[in-house]
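Chains as they are written, first to last, in this note's numbering: chain A, 1 to 64; chain B, 65 to 128.
Everything below concerns the one structure shown next.
Protein chains: 2
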Amino acid sequence: MKNKKIKMARVELDLSQEQLAEIVGVTRQTIHLIESGKYNPSLKLCVEICRALNKTLDQLFWED
Amino acid sequence: MKNKKIKMARVELDLSQEQLAEIVGVTRQTIHLIESGKYNPSLKLCVEICRALNKTLDQLFWED
DNA sequence: ACATAAAGTAAAATATATTTTGCTTTATGT
DNA sequence: ACATAAAGCAAAATATATTTTACTTTATGT
Chain A
1 MKNKKIKMAR
11 VELDLSQEQL
21 AEIVGVTRQT
31 IHLIESGKYN
41 PSLKLCVEIC
51 RALNKTLDQL
61 FWED
Chain B
65 MKNKKIKMAR
75 VELDLSQEQL
85 AEIVGVTRQT
95 IHLIESGKYN
105 PSLKLCVEIC
115 RALNKTLDQL
125 FWED
């Protein structure tokens, strides 16, 4: 299950996966794997992604 | 940095750490470590805790 | 004071997130 | 069509979350 929300928020800020990765302090692959739903990031990383993209956990990571 | 919000939500539902752990499918120690802020759970586990406690990610895991 | 449930603590073992590297594919501009 | 940036993919190595076990401490009821 892909996470389209992150990708959308990222593209909206005109950031590449690599730029987001740098801001957040992880590798590009980590961002890619999260966006493509291949795994299960840590809470800390989720929060850092949220801060980088001006969103909250519920906005990016909550599924109904 | 302790996570008091989880503990409060848990106690409000009259669940012990062990009961919550069982619902969520982890060990009691994992719940304890998360409540006492000793580490950094996975997103999946956070979501499961939220569902067990009828809260959202922002309510339990977001710090301003 | 005693018994018992719940919570705190810790070390070693295991599972899995994350990194590193490198290659391939897709999108975009000229 | 070509060049280049961005994204997808994958295997091996490393870091760290989670389990397991066992013991200690704190809370609560009788």
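Ideal placement from N, C-alpha and C gives every residue a C-beta, glycine not left out.
Just so we're clear, the structure is a prediction, and the values are computed from it rather than from any experiment.
(message) Taking the straight line between their C-alpha atoms, what separation do you get for residue 100(B) and residue 7(A)?
(response) The count along the second sequence starts at 1 and reaches residue 100(B) at position 36. The count along the first sequence starts at 1 and reaches residue 7(A) at position 7. C-alpha separation (whole angstroms): 33 Å.
(message) In the DSSP output, what is residue 42(A) paired with across the bridge?
(response) For this step, residue 42(A) is matched to residue 42 along the first sequence. In DSSP, residue 42(A) forms a bridge with 106(B).
(request) With a 10 Å radius around its C-beta and 16 neighbouring C-beta atoms as the bar for buried, classify residue 47(A) as buried or exposed. (result) Position 47 of the first sequence, counting from 1, holds the residue named residue 47(A). Looking at its Cβ environment, which holds 16 or more other Cβ atoms inside 10 Å, residue 47(A) is buried.
(message) Could you check whether residue 10(A) and residue 43(A) sit closer than 8 Å to each other, using their CB atoms as the reference points?
(response) Walking along the first sequence from the start, residue 43(A) turns up at place 43. Walking along the first sequence from the start, residue 10(A) turns up at place 10. Contact: no.
(message) Taking only three categories from DSSP, how would you classify residue 11(A)?
(response) On the first sequence, residue 11(A) is found 11 positions in, with the first residue counted as 1. Correct three-state label for residue 11(A): helix.
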